[in-house]
Amino acid sequence: MAFWQSPEWMERVESIYKLNPSLGDPQFLPWWQEAWTLFRRKRGYDIIHTMGIRESFAYAFLCWITGSASRQIMTEVFIDTPKHTNPIWWAKTKFYRILARQCLGVITNSSGEIATNARRFNLPIDRFRYVPLCTTIAQPEFLSRPAGGLFCAGRTLRDYQTLRKIIDATELPWIVVGGQGDLDDWDLPDRVTIYREIQREAYLQLLRDARVVILPLLPTERATGQVVLLEAMSYGKPVITTRAPGTIDLVRHGKNGFLTEPGDAPGIQKILGDLLREPEACERIGRQAVQDVLTNHSVAEHTRKRLDAIEELFQGIMEPG
Numbered sequence: 038m039a040f041w042q043s044p045e046w047m048e049r050v051e052s053i054y055k056l057n058p059s060l061g062d063p064q065f066l067p068w069w070q071e072a073w074t075l076f077r078r079k080r081g082y083d084i085i086h087t088m089g090i091r092e093s094f095a096y097a098f099l100c101w102i103t104g105s106a107s108r109q110i111m112t113e114v115f116i117d118t119p120k121h122t123n124p125i126w127w128a129k130t131k132f133y134r135i136l137a138r139q140c141l142g143v144i145t146n147s148s149g150e151i152a153t154n155a156r157r158f159n160l161p162i163d164r165f166r167y168v169p170l171c172t173t174i175a176q177p178e179f180l181s182r183p184a185g186g187l188f189c190a191g192r193t194l195r196d197y198q199t200l201r202k203i204i205d206a207t208e209l210p211w212i213v214v215g216g217q218g219d220l221d222d223w224d225l226p227d228r229v230t231i232y233r234e235i236q237r238e239a240y241l242q243l244l245r246d247a248r249v250v251i252l253p254l255l256p257t258e259r260a261t262g263q264v265v266l267l268e269a270m271s272y273g274k275p276v277i278t279t280r281a282p283g284t285i286d287l288v289r290h291g292k293n294g295f296l297t298e299p300g301d302a303p304g305i306q307k308i309l310g311d312l313l314r315e316p317e318a319c320e321r322i323g324r325q326a327v328q329d330v331l332t333n334h335s336v337a338e339h340t341r342k343r344l345d346a347i348e349e350l351f352q353g354i355m356e357p358g
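Heads up: the sequence shown at position 26 corresponds to 63 in our numbering, and the numbers run straight through without jumps.
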């Protein structure tokens, strides 16, 4: 992890990268090189904290084939969609279970992923910890835009079919930010503008100018949507999103945002209509969202919870029995 945003993390944890807060993210190595670098240096540390499924399991594989202790805690190990009739998927899953058995534990980005990952990797529940993500916005603040348009962003597991129904039911301008190839086949009215693979500051400016953020997600077992959700909440934007593993830990329905069931376009349309008619509700929701981000999703709070989770997993392995 190159967590240069946290002074406490940098003080207590050593990275394979030379971190400098004034320079931001380093030039990341390929996943296999990260795994090899960690493996070569692991003897000097109590814990190796790996991030990403390829990096994590490549490192675990190196430990397995050499018969050495991994001392590993994994994070952001997102599972793929089950393919129960595919023998290759079954073989890969069985191999991942062998490798995962060596680790001290797994940190997840959502509470809902704990049971799912425990089943997938055949690990006991007590080997998992949930640590809420922190916002990427350095200075959260309430930014009201009563005359702004409607906004949707993200690339992973977005429910564009539901989004299209919501767009067709409104007359306001929309901004949709997606990835390369997303929505290429859409024939949309002029009031809808689509951006693909834009620079981060351009995306954030569009988000700051938004009135309401709509984030429909596909049904899934993995967490998704949290980064955009927290960024929107950090600017005090009322967010209407799908009830999913990545959202239920962050959104308190009717308090700091709104949750709907997967594919429920009419439900989203009703909430959106109420918000557009009640600017006071927009402000109340938005201000509470900012407060919740400041309280629960700051860099300092995330660091404390992640370090506590690492300590708990380590002590759990060290304790007798």
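No residue lacks a Cβ here, since even glycine has one placed at the ideal position from N, Cα and C. Nothing here was measured: the structure is a model prediction, and the numbers come from that model.
Q. On the three-state DSSP scale, how would you describe V214?
A. strand
Q. In whole angstroms, what separates the C-alpha of P169 from that of W46?
A. 16 Å
Q. With C-beta atoms as the reference, is I305 less than 8 Å away from I322?
A. No, the Cβ-Cβ distance between I305 and I322 is not below 8 Å.
Q: Please name the residue, chosen from G273, K274, T297 and Y272, that lies closest to T284 on a Cα-to-Cα basis.
A: T297
Q: Pull up the distance between the alpha-carbon of P275 and that of C140, whole angstroms please.
A: Going from the Cα of P275 to the Cα of C140 covers about 40 Å.
Q. Which value, in whole angstroms, describes the spacing of the CA atoms of V264 and S52?
A. As the crow flies, the alpha-carbon of V264 is around 23 Å from that of S52.
Q) Out of G149, H121, N123 and N154, which has the shortest C-alpha to C-alpha gap to R134? A) N154
Q. How long is the line joining the alpha carbons of R343 and P226, rounded to whole angstroms?
A. 45 Å
Q) What three-state label does DSSP hand G358 in the structure shown? A) Per-residue confidence for G358 stands at a pLDDT of 44, beneath the threshold of 50, marking its modelled position as unreliable; the derived number appears in the next sentence. In the structure shown, G358 sits in coil (DSSP, three-state: anything other than H, G, I, E or B).
Q | Residue span of the beta strand (DSSP E) that contains R166, given as start and end | A | F165 to Y167
(Q) Any contact between the region 246 to 256 and the region 177 to 187? By contact I mean 3 or more CB pairs, one from each, below 8 Å. (A) yes
Q. Okay, do the region 309 to 328 and the region 150 to 164 touch, 3+ Cβ pairs below 8 Å being the bar?
A. no
Q: To the nearest angstrom, report how far apart R19 and V114 are at their CA atoms.
A: This structure gives no information on residue 19, because the portion of the chain shown stretches from 38 to 358.
Q: Output the residue ranges of the alpha helix (DSSP H) runs that lie fully inside the region 273 to 322 and measure 4 residues or longer, sorted by chain position.
A: 302 to 314
Q. So what does DSSP say about L60, is it helix, strand or coil?
A. coil
(Q) Can you check which of these residues, A206, D286 and Y197, is closest to V213 by C-alpha distance? (A) Y197
Q) Helix or strand or just coil, what does DSSP make of L187? A) strand
Q: Inspect the CB distances between the region 101 to 113 and the region 68 to 85 and report whether three or more fall short of 8 Å.
A: yes
Q: Answer yes or no: do L266 and L287 have a C-beta to C-beta separation smaller than 8 Å?
A: Closer than 8 Å, so yes.
Q) From the DSSP output, which residues share a beta bridge with G142? A) I110
Q | Proximal residues to P299 (C-beta, below 6 Å), its chain only, five neighbours per side dropped | A | P256 and T279
Q.
Nearest by alpha-carbon distance to T332: which of Y54, F40, F94 and M270 is it?
A. M270
Q) When you compare only the Cα positions, how much space is there between R80 and A106? A) 9 Å
**Q.** Strand pairing of H334, partner residues [DSSP]
**A.** Bridge partners of H334: none, in fact.
Q) Hey, how far is the Cα of D329 from the Cα of H339? A) 13 Å
Q. Hey, quick one: how far does the alpha helix (DSSP H) through Y133 stretch, first residue to last?
A. P124 to A137
(Q) At the level of alpha carbons, what is the spacing between P63 and Q70? (A) 15 Å
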